[in-house]
Amino acid sequence: MTTVLEPPAVAPPPPRPRRQRTGWRRRVTARSVVSTITILVLLYLVLGPLIMLVLTAFEDTSGGVVITPPFPWTSQNFIDVFTDSQTYSVLWTTVEFSVGALLFAFVVSLTFSWLIERTDLPARNTVFVFVVAPQGIPGVISAIAWSLLLNPTNGFVNLVLRSVIHSKSTTGPLNVYSLPWMILVQGMALVPLTFLLVTASLRGMNASLEDAARTSGSGFGTIVRRVTLPLLKPAIIGALVYEFVTVVEAVDIPLILGVPGHVTVLSTQIYNASHPPIGLPNYGVGSTYGGFLLILALLPLIAYNRVVGDSGSYVTVTGKTFRPKTQKLGKWKPLAMLFAWGYIFVAFVLPLAILIWASIQPYISTVSKEAIKRSTLGSYRKTLSGDLFITALKNTLILGLSAALGSMVLAVLVSWIIVRSRSRLRWMADVLAFLPHAIPGVVIGLATLLMYLLLPLPIYGTIWIIVIAMGTQYVSLGTRLTTGGIAQIQRSLEEAAEASGARGWQVWWRVLLPLLRPVFLNGFLLVFLASIQNLTLPLMLYSTGNLVMSSLIYTRWDYGDATGTAVLSVVMTAITIVAALLLRRSSGSRMGS
Amino acid sequence: MSAIKVEQLEHCYDDRGRTVTAVDHIDFEVEENEFYTLLGPSGCGKTTTLRCLAGLEQPTSGTISLDDVVVFSSRSVVPTHRRDIGMVFQDYAVWPHMTVFDNVAFPLRVGKRQSSSVIKEKVHEALELVNMDEFAERQATQLSGGQQQRLSLARALVRQPKVLLLDEPLSNLDAKLREQMRKELRMLQRRIKVTTIFVTHDQVEALSMSNRIAVMNRGVIAQVGTPREIYQTPNSEFVAAFVGATTFLRGSYVGPASTPGFVRLETGIGALIAKTDKAMVPGEPVTLAVRPEAIRVTEEENLNPLTNSISAVVDIGLFIGEAVDYHIYVGDELIRVKGSPHSRFRRRDKVFLEIPPEECVLIHTPTSAVESPLDEPEPIFDPTVEIV
Ligand SMILES: Nc1ncnc2c1ncn2[C@@H]1O[C@H](COP(=O)(O)OP(=O)(O)OP(=O)(O)O)[C@@H](O)[C@H]1O
Ligand SMILES: [Mg+2]
Chain A
9 MTTVLEPPAV
19 APPPPRPRRQ
29 RTGWRRRVTA
39 RSVVSTITIL
49 VLLYLVLGPL
59 IMLVLTAFED
69 TSGGVVITPP
79 FPWTSQNFID
89 VFTDSQTYSV
99 LWTTVEFSVG
109 ALLFAFVVSL
119 TFSWLIERTD
129 LPARNTVFVF
139 VVAPQGIPGV
149 ISAIAWSLLL
159 NPTNGFVNLV
169 LRSVIHSKST
179 TGPLNVYSLP
189 WMILVQGMAL
199 VPLTFLLVTA
209 SLRGMNASLE
219 DAARTSGSGF
229 GTIVRRVTLP
239 LLKPAIIGAL
249 VYEFVTVVEA
259 VDIPLILGVP
269 GHVTVLSTQI
279 YNASHPPIGL
289 PNYGVGSTYG
299 GFLLILALLP
309 LIAYNRVVGD
319 SGSYVTVTGK
329 TFRPKTQKLG
339 KWKPLAMLFA
349 WGYIFVAFVL
359 PLAILIWASI
369 QPYISTVSKE
379 AIKRSTLGSY
389 RKTLSGDLFI
399 TALKNTLILG
409 LSAALGSMVL
419 AVLVSWIIVR
429 SRSRLRWMAD
439 VLAFLPHAIP
449 GVVIGLATLL
459 MYLLLPLPIY
469 GTIWIIVIAM
479 GTQYVSLGTR
489 LTTGGIAQIQ
499 RSLEEAAEAS
509 GARGWQVWWR
519 VLLPLLRPVF
529 LNGFLLVFLA
539 SIQNLTLPLM
549 LYSTGNLVMS
559 SLIYTRWDYG
569 DATGTAVLSV
579 VMTAITIVAA
589 LLLRRSSGSR
599 MGS
Chain B
36 MSAIKVEQLE
46 HCYDDRGRTV
56 TAVDHIDFEV
66 EENEFYTLLG
76 PSGCGKTTTL
86 RCLAGLEQPT
96 SGTISLDDVV
106 VFSSRSVVPT
116 HRRDIGMVFQ
126 DYAVWPHMTV
136 FDNVAFPLRV
146 GKRQSSSVIK
156 EKVHEALELV
166 NMDEFAERQA
176 TQLSGGQQQR
186 LSLARALVRQ
196 PKVLLLDEPL
206 SNLDAKLREQ
216 MRKELRMLQR
226 RIKVTTIFVT
236 HDQVEALSMS
246 NRIAVMNRGV
256 IAQVGTPREI
266 YQTPNSEFVA
276 AFVGATTFLR
286 GSYVGPASTP
296 GFVRLETGIG
306 ALIAKTDKAM
316 VPGEPVTLAV
326 RPEAIRVTEE
336 ENLNPLTNSI
346 SAVVDIGLFI
356 GEAVDYHIYV
366 GDELIRVKGS
376 PHSRFRRRDK
386 VFLEIPPEEC
396 VLIHTPTSAV
406 ESPLDEPEPI
416 FDPTVEIV
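Protein sequences, first through last, are from chains A and B. The numbers in the first sequence follow our numbering, run straight up by one, and end at 601. The numbers in the second sequence follow our numbering, run straight up by one, and end at 423.
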């Protein structure tokens, strides 16, 4: 801090004429230094990779990325991409895949929300827990589980079906390596979060509006169509936009289920261009596809902001919670229960069961006396004592902890700038912290990869490149939480500390951070959980030195080791479910205080 | 030598590109151990002034000295934590994650190193001052509003600051507690002798507690004076109207009265005699402010030439316990009078209003030819009771 204490005897400054402005003295304070550094870090993390992506898209990279001048600038990548008829079929498949999965997820989530919040469905709380539970299963693992269940040659369900219908065929009848099944599996993977987002606003919605419609003589269908859904519109659209990015950015399900069936979407196209099974990677073409995906992800977001712009009129959706009158299901009750528990069985129990079954079997078979006799924990012993597993577990911990810590620390600083500072760069912090949310993970992965190919930092190929990309990706999520958290802390609590003689860091350390601790912890666990589940970034930035659990699982699967994969998946699911339980407790205690 | 000296203080907020001048070049000085009140309507810039003193806002221009140390000028800024102040916030700003003890100990712990036994002693001393010693180990969130208020006062005093800044500390309390705290706060301040700036919009608070009051309006100081001066000789319609109910009478100067020091005026309710030392020219427009409790309602005319006795008709008399609130017409003009609780005039009663000349306060109107240095040519705040 630059403080000049003047001696008491100083002469008063000459009286200035009225209205003369001295202007803002630019002072270098600890605050402005921290703000500036934070914004510079954000700029580096977010804009750096994006600039690299754009530059690479205009570079001829058929012979690898050129890292010293002269740069071979070209528009060939765009010509290649636009003239390739495959581009259009991939785009179309991406649209089909994402729209299908979102449709499935929203129909299921809305139905569950309504059943749980508004009807007398038995055991609603249990149903709630089981609908959310699959959030603990990473996408890569659920894709593997479904492959174990439904692959055409020895998928468990196919084996059972073939023996039931006495088929002599060696394949089918079901084939998970096809677009419809991919949509279904992706849809189920989206349900937990979609459900959480939608159900929160349905709970907050004033049920008397529905009652008013009922007393004015509307039937059930009319009420849902004319009152409930329109009122939920902002929440539904918000969730749609969020989940859309999730679908188009992920490589897990498209890689595991799409590649064997030759179903390619944009994310796998980018992955293939930058990680071809044979030959050199073509980063230029990959970047061009990345640009496409970025635009595809941004379009709904822009549309969303326009819709939300006029949603101030939805004042009836308040935070008030009270139990509205429940709809009696009557004769529909058995059907509703069948739907609820049937779905839970298919989406949660079945995948977990097949993973456990596969992990104790030397090879996949139906359940039989002999098969049970064959059961062994041998593969657990073998897999879990391997060096790869130990390395991956260690790396996963490093990744989860560092990414969570890094992005949350950055998030707190950014939120503080947004909420508290009068810095002129506030808007910039706001935009920069929001951007990573709109950038598909596969694009962040590619762009980060390109950046550290170029920069002379010893990061490429280590776990830290994944940490950086992951931290960047989740800084948006963290900022959303901490901005709310800081906004809830009255400003005068900080000012009172200053007026009590506390310096800047003492205000942070003794007042702000202790008050933020619950929010920080909650965000930390959320980012931790999301980071260790994420396959996209570890795979995009994969090299032998930075194996984590999710990429280990994928490579074992790719290698053809079904039992080893199943063992790892069971272990990983156990870890994530424990983390998720911790998360539930931490967010629970936040509401309590 | 003054404890606080503010010169040409200006503060502008930037409100989405628009500049809002909250404090407009004000000057004032506060003596050592004085209880100095900033009084004014909502939005007049009291809080902003106080925050500038605390260093929580950086003024656009001006000079501030605390205890003869320049803490803000165009050349130097002393940050808040280096200013020797204690501050009580309107919402108390009690830290919810600390106990009562930790809250009060905070200013000592962040300051220069002291042994924990010294800290303990000082904290208990401060808590005793506000009668909160028995609550030391409580969590701060488990206190009532009044207790939180005392706690934040103890926290502000524990460092024994040179200057105590209070921003409407009593406004969140219920009426009874407020009255009690008013007395306690004033007695405490007198006992421990600390220069205090007190911000309020409550005239009763200001009048009953202060050594001096600065009445603020739209970012400028309208008048500075002791409570009696402010109440009895307001220098503008704004001050008169803001500090208590007032009837305003417009008129013009006629000439000197038979007794020196008194003048004759012509007003909307007839000829009046008023006391003033001001030199005026005949025909000069004047405004008179008359407090409702300065007027007596009588049945008979008072024929003393050195008093005003005016024939009037009662419109309504409202018995309010300690007085009767009369609405009385003189011709077409309504005048409010606070009559004795024993008087029983009724509607349409013919009465006389007795207005002692020394209670007719001449105030300077914006059109007045003579201006006192304190007078601010600002638009006039809408008075609640006004007669034109
Ligand atoms: N952060 C701010 N940004 C823009 N304008 C502000 C800000 N804070 C205050 N103002 C404006 O400055 C003026 C003075 O505000 P101030 O808070 O000092 O008033 P006050 O006298 O304390 O009022 P009150 O009695 O309501 O607390 C008001 O017009 C207010 O709208
Ligand atoms: Mg105020």
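Note that CB positions come from ideal geometry on N, CA and C, so glycine has one too.
Scan the segment 137-152 of chain B for residues whose Cβ lies nearer than 7 Å to a Cβ of chain A and list them as they occur along the chain.
F141, P142, V145 and G146
Could you check if B:M82 belongs to the surroundings of ligand 1, using beta carbon to heavy atom distance under 6 Å?
For the sequence presented, residue 82 of chain B should be read as Thr rather than Met. Result yes, Cβ under 6 Å from ligand 1.
So, A:L274 versus A:T102, is the Cβ gap smaller than 7 Å?
yes
Run down chain A in chain order and give the residues with a C-beta less than 7 Å from the C-beta of B:D126.
Per Cβ cutoff of 7 Å: Q498 and S500.
So the beta strand (DSSP E) B:L300 belongs to, where does it begin and stop?
F297 to T302
Alpha carbon of A:T487 to alpha carbon of A:F120, nearest angstrom:
One C-alpha to the other measures close to 29 Å.
Nearest by alpha-carbon distance to A:I540: which of A:S387, A:Y567, A:L405 and A:V422 is it?
A:L405
Helix, strand or coil for B:V129, going by three-state DSSP, please let me know.
In this structure, DSSP gives B:V129 a state outside helix and strand, which the three-state scheme calls coil.
Any heavy atom of ligand 3 within a distance shorter than 6 Å of the CB on B:Y127?
This structure simply doesn't include ligand 3; it includes ligand 1 and ligand 2 instead.
Under 7 Å between the Cβ atoms of A:I494 and A:V535?
no
Endpoints, beta strand (DSSP E) assigned at B:H362
V359 to V365
B:I99 beta carbon less than 7 Å from that of B:V58:
no
Buried or exposed for A:L343, please, with buried defined as at least 16 other CB atoms from any protein chain shown within 10 angstroms of its CB.
exposed
Since A:T508 meets chain B, which of its residues come closer than 7 Å, beta carbon to beta carbon?
Looking at the sequence shown, residue 508 of chain A is not Thr but Ser. Going along chain B in sequence order, the residues near A:S508 (Cβ under 7 Å) are F141, P142, V145 and R190.
Excluding five sequence neighbours on each side, which residues of the same chain lie with their C-beta closer than 7 Å to the C-beta of B:P269?
Q258, A275, V278, A324, V396 and I398
Anticipated Cβ contact below 8 Å, B:N138 with B:L208, distance rounded
Rounded, the Cβ-Cβ distance is 19 Å, inconsistent with contact.
Euclidean distance between Cα positions of B:A38 and A:L421
For B:A38 and A:L421, the distance between alpha carbons rounds to 38 Å.
Using a Cβ-Cβ cut-off of 7 Å (strictly less than) and excluding sequence neighbours within five positions of A:A411, which residues of its own chain qualify?
V475, M478, G479, Y482, V535 and S539
Supposed contact pair A:Y562 and A:V253 - C-beta distance, whole angstroms, cut 8 Å:
So it is not a contact: roughly 21 Å between Cβ atoms.
Could you tell me whether the segment 172-183 of chain A touches the segment 235-249 of chain A, using the rule of 3 or more Cβ pairs below 8 Å?
No: the two stretches stay apart, fewer than three of their Cβ pairs being nearer than 8 Å.
Which residues of chain A have a Cβ atom closer than 9 Å to the Cβ of B:R194, listed in chain order?
S508 and G509
Host alpha helix (DSSP H) of A:Y250 (start-end)
L237 to E257
Beta-carbon proximity list for A:S551, same chain, < 7 Å, skipping 5 on both sides
Cβ contact annotation for A:S551 (same chain, cutoff 7 Å, sequence separation greater than five): G469, in chain order.
With distances taken between CB atoms, is the gap from A:G299 to A:I278 smaller than 7 Å?
no
Would you say the segment 526-533 of chain A touches the segment 149-159 of chain B, given that touching needs at least three Cβ pairs under 8 Å?
no
Which residue marks the beginning of the beta strand (DSSP E) containing B:T72, and which one marks its end?
F70 to L74
Cross-strand partners of B:V165 (DSSP beta bridge)
Looking at the DSSP assignment, B:V165 forms no beta bridge with any residue, so it has no partner.
Please determine if the segment 116-123 of chain B and the segment 161-181 of chain B are in contact, where contact requires at least 3 C-beta pairs separated by less than 8 Å.
With a cut-off of 8 Å, the segment 161-181 of chain B and the segment 116-123 of chain B do not count as touching, because too few Cβ pairs lie within range.
Short-range partners of chain B found in the segment 503-533 of chain A, where Cβ spacing is below 9 Å
E503, A504, A505, E506, A507, S508, G509, A510, R511, G512, Q514, V515, R518, V519, P522, L523 and R525
Helix, strand or coil at A:Q498 according to DSSP, with G and I counted as helix
coil
Contacts around B:E240, its chain only, beta-carbon distance under 7 Å, and the 5 residues preceding and following it disregarded:
L205 and R217
In DSSP terms, what B:E64 is bridged to
B:K40
Taking only beta-carbon atoms, is B:L88 less than 7 Å away from chain A?
no
Given a cut-off of 7 Å on the beta-carbon distance, is the pair B:G303 and B:E368 in contact?
yes
Beta-carbon within less than 7 Å of B:V105's beta-carbon, same chain only, minus the 5 sequence neighbours each way: which residues are those?
T98 and S111
Buried or exposed for B:D50, please, with buried defined as at least 16 other CB atoms from any protein chain shown within 10 angstroms of its CB.
Within a 10 Å sphere around the beta-carbon of B:D50 sit fewer than 16 other beta-carbons, which makes this residue exposed.
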